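Going from the sequence shown to my numbering is simple: count from 1 and add 3. For every residue, glycine included, the Cβ atom is placed at its ideal position computed from N, Cα and C. Small disclaimer: the values here were computed from a predicted structure and weren't measured.
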Amino acid sequence: MRDWRPVNPWDRAVLRLLIPLVLIAAPSAAQKRLSWDQRDEAARLAQMVDAVADGEYAGGDAWLKWSHHLLRGEDGRVYIPFSVVVDEAPDAFHTASAYVRVAKHGESSRAGRERMRRSRLTGFDPGEVPINVPERDFAPAGAPVASENSAMLRLAHPEGIDEATYPFEDVHFIDLGGTNASPPYTIRRSLTVEPGDYDVYVAIREAALDGTARPDAKSALLKRRLRVPAFGVDRLQLSSVIVADAIDPLSAPLSLAEQLGRPYALGGAEITPARDTIFDSQDNLSLVFFMYNLLTDSRGRPNVTVRYTFHSLTMERVEPFRSTAPQEFNAETLPDGFDLRAVGAQLPTSQGVPLQSFPQGSYTLQIQVIDHLADAAVVEDVSFVVMEPSGVEP
């Protein structure tokens with residue numbers, strides 16, 4: 004086993020990820036008011052999810068493939084950029100509606116049923132119903148009315164009474180054919196939730212951007228369990244390791260609308276996540292991740308070593324294959340004036356390894372992060388497969 008240097012050590016693009024991410028959160032399409040057609044379409048998608056939450060099978064006219072990453076967000080919440088690949092539907096979903104719901108693990112659709120009941124009775128979504136109290140018609144002008152006060156208090160504190168809410172839900176209307184060259188299309192969005200054990204649902208349907216859809220519109224739905232850990236402030240932790248196709252600097256900050264469809268734009272750089280971890284032997288394996296809660300010296304400099312060790316996997320055993328030269332982040336290697344405290348005690352790093360010398364097979368990369376000042380270490384594994392280039396005999 005020998006060391007060799009990575010192809011993309013810590014560079015300017017990764018440095019731009021250091022632009023403070025403390026306030027990272029998922030922008031919501033719900034911040035834009037929906038048309039009545041879009042609301043009707045959102046209700047249809049919600050009903051699809053309700054049915055699966057109550058025991059029906061997910062599926063439909065496409066195979067939806069889910070992947071996500073976990074990053075530290077604001078106020079103890081976790082920022083989760085995700086991708087949904089719309090596979091096995093080459094002639095469908097060129098424009099689509101997409102509804103995302105996060106519910107407590109194992110929860111039925113009681114919240115959805117309550118919301119739909121209110122919507123049918125009133126014609127309004129929860130929180131949009133005008134307060135109209137019959138007592139007001141019989142009370143003297145200016146006299147306090149108990150039920151009116153109660154209604155106002157209930158609206159002022161919906162978290163205490165509204166069963167029609169979920170930890171996260173959102174709806175999108177997406178021109179997939181305009182943002183991807185060809186199928187299979189990929190939807191990328193994000194969500195933000197507190198740590199916990201959840202079920203995540205994604206329902207999509209063929210629909211125009213204005214929400215109109217044919218009665219025979221194709222649809223598909225997925226359900227996945229989502230375990231979200233807590234990112235504390237007092238111990239060494241890592242974000243998800245993102246296997247990336249590219250890390251590119253941003254020339255300017257994104258607008259809210261741009262950020263909505265580009266959830267991997269973090270700080271001053273944008274990560275393009277790889278669709279899977281099956282590689283051609285002519286590819287490079289590129290990774291990026293964040294290290295959280297690193298201790299620093301009096302000038303804000305950490306003292307961290309990151310080691311990368313590859314193991315080959317066979318039916319019989321796991322064998323060390325090779326390792327890279329370790330990465331060192333300390334007062335001697337970091338830029339002049341660098342202060343980790345100014346960026347929320349989080350440090351990004353990347354690694355890139357050419358796979359030309361990897362024989363065809365399955366591998367695990369073990370990443371070990373050592374914080375020397377805290378006398379702490381964490382380990383994360385990444386599994387991947389190397390295949391021969393298409394058209395080349397093994």
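Quiz prompt | Assigned exposure category for L368 - 16 Cβ within 10 Å defines buried | solution = buried
Quiz item: Where A49 and D78 are concerned, what is the direct C-alpha to C-alpha distance, given to the nearest angstrom?
Solution: 29 Å
Practice problem: Tell me whether A210 sits in a helix, a strand or coil according to DSSP, three-state version. | Solution: coil
Practice problem: Put R344 into one of helix, strand or coil per three-state DSSP. | Solution: helix
Quiz item: Which first and last residues belong to the alpha helix (DSSP H) in which M318 is found?
Solution: For M318, no alpha helix (DSSP H) run applies, since DSSP gives it neither H nor E.
Exercise. Kindly list the residues whose CB is nearer than 8 Å to the CB of P23, restricted to its own chain and excluding five residues on each side of it in sequence; keep chain order.
Key: Only weak support is given to the placement of P23: the predicted model assigns it a pLDDT of 48, under 50, and the value that follows is read from those uncertain coordinates. If we look at P23 and ignore the five residues flanking it on each side, its Cβ neighbours are G270, A345, V346, G347.
Quiz prompt | Neighbourhood of Q41 by C-beta, 6 Å cutoff - its chain only, sequence neighbours within 5 removed | solution = Answer for Q41: G214, listed in chain order.
Self-check item: Straight-line gap, G264 to L290 (C-alpha atoms, nearest Å)
Solution: 22 Å
Practice problem: Please report how far the alpha carbon of A211 lies from the alpha carbon of T308, in whole angstroms. | Solution: 51 Å
Quiz item: What's the C-alpha gap between S393 and R238?
Solution: 45 Å
Quiz item: Do you know whose CA, among A61, A277, A233, P170, lies nearest A247's CA?
Solution: Checked all of A61, A277, A233, P170; the closest Cα to A247 is A277.
Exercise. Return the chain-ordered list of same chain residues with a C-beta closer than 8 Å to the C-beta of K107, the five sequence neighbours on each side being excluded.
Key: P170, G199, D200, Y201, D202
Self-check item: Beta bridge counterpart(s) of M390 as assigned by DSSP
Solution: D283
Practice problem: Assign R191 to one of two classes, buried (16 or more other C-beta atoms within 10 Å of its C-beta) or exposed (fewer than that). | Solution: buried
Quiz item: Start and end of the alpha helix (DSSP H) containing E172?
Solution: Per DSSP, E172 belongs to no alpha helix (DSSP H); it is in the beta strand (DSSP E), 171-177.
Quiz item: Who are the Cβ neighbours of A379 in its own chain at under 8 Å, not counting the five residues just before and after it?
Solution: These residues qualify, in order along the chain: R238, L239, I373.
Self-check item: When Y188, S243, W39 are compared against E383, the one with the closest alpha-carbon
Solution: S243
Quiz item: For S86, which of S193, L73, V321, S258 has the nearest alpha-carbon?
Solution: S193
Self-check item: V89 - DSSP class collapsed to helix/strand/coil
Solution: In this structure, V89 counts as strand in the three-state DSSP scheme.
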